[in-house]
């Protein structure tokens, strides 16, 4: 882990973290006879890089616990500067992985059929108010769900209980595909904030 990739500037607060592996998401089933294995994509929080390992290794106790792993773990590439991610999630139909990028207050995506490099990582939503610290992200069926919160302010400063400090967003995956597969920069899509009444009654403070 690169210590310089553990520096954060979120909601006007600067700090350093040292979190290791923070998120794992399973890719498509392989082309073996039973199709029972997948690539497990993972990354430390303090990293701009993404790695993978086959579940063929992880599900075999002998292979998983041996002292030398050779080429089992693969470095897939780099997402770009300040692309530290909490959670990420794979959408099987499209082959796209979505990332919650906490240093950018953003959600990005990468088509796993393309090499992982900054030009192939597309930001689909960014908001320096509503998306401060996107702490959780998950693809459920064909919907992308994202949760953001003001945890950073609670840890390093003072949380304003009169403000909206927790938000949940939903976006149909189909509405992100054009941006995720673009070869040039495109206008970012907006995540849909879930039910204002729910937000007011349960996420205020």
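Residue numbers (our numbering): 81 to 285.
For each residue, glycine too, the CB sits at the ideal point set by N, CA and C.
Owing to the predicted nature of the structure, the values given are computational and were not obtained by experimental measurement.
For residue i, three-class secondary structure by DSSP
i, result
"residue 135", "helix"
"residue 282", "Any reading at residue 282 is ruled out, since the residue's pLDDT is 38, under 50, leaving its predicted position unreliable."
"residue 121", "strand"
"residue 184", "coil"
"residue 83", "helix"
"residue 276", "For residue 276, the predicted model reports a pLDDT of 44, less than 50, meaning its position is unreliable and no value from the coordinates is stated."
"residue 166", "strand"
Beta-carbon spacing of residue i, residue j below 9 Å
i, j, result
"residue 123", "residue 95", "no"
"residue 180", "residue 166", "yes"
"residue 125", "residue 100", "yes"
"residue 105", "residue 177", "yes"
"residue 132", "residue 121", "yes"
"residue 218", "residue 249", "no"
"residue 240", "residue 230", "yes"
"residue 88", "residue 141", "no"
Enclosing alpha helix (DSSP H) for residue i [first to last residue]
i, result
"residue 145", "141-145"
"residue 236", "231-236"
"residue 257", "257-260"
Extent of the continuous beta strand (DSSP E) to which residue i belongs
i, result
"residue 205", "201-206"
"residue 107", "101-109"
"residue 250", "246-252"
"residue 215", "214-220"
"residue 95", "93-96"
"residue 155", "154-158"
Opposing strand residues paired with residue i [DSSP bridges]
i, result
"residue 171", "176"
"residue 90", "93"
"residue 223", "220, 252"
"residue 70", "Nothing about residue 70 can be reported from this structure: the residues present for the chain run from 81 to 285 only."
"residue 228", "214, 247"
"residue 196", "157"
"residue 129", "158"
Distance between beta carbons of residue j and residue i, contact taken as under 8 Å
i, j, result
"residue 224", "residue 201", "Contact doesn't hold; Cβ gap of about 15 Å is too wide."
"residue 206", "residue 184", "6 Å"
"residue 191", "residue 261", "6 Å"
"residue 170", "residue 107", "5 Å"
"residue 204", "residue 189", "6 Å"
"residue 182", "residue 214", "6 Å"
"residue 156", "residue 196", "5 Å"
"residue 251", "residue 232", "That belief does not hold up - the Cβ atoms of residue 251 and residue 232 are roughly 23 Å apart, past 8 Å."
Proximity test, residue i beta-carbon vs the ligand GTP heavy atom, cut-off 8 Å
i, result
"residue 99", "Summarising the ligand content, the structure contains no ligands, and the ligand GTP is consequently not present."
is_contact[residue i, chain B] using C-beta, thresh 9 Å
i, result
"residue 213", "The structure shown contains no chain B; it holds only a single protein chain."
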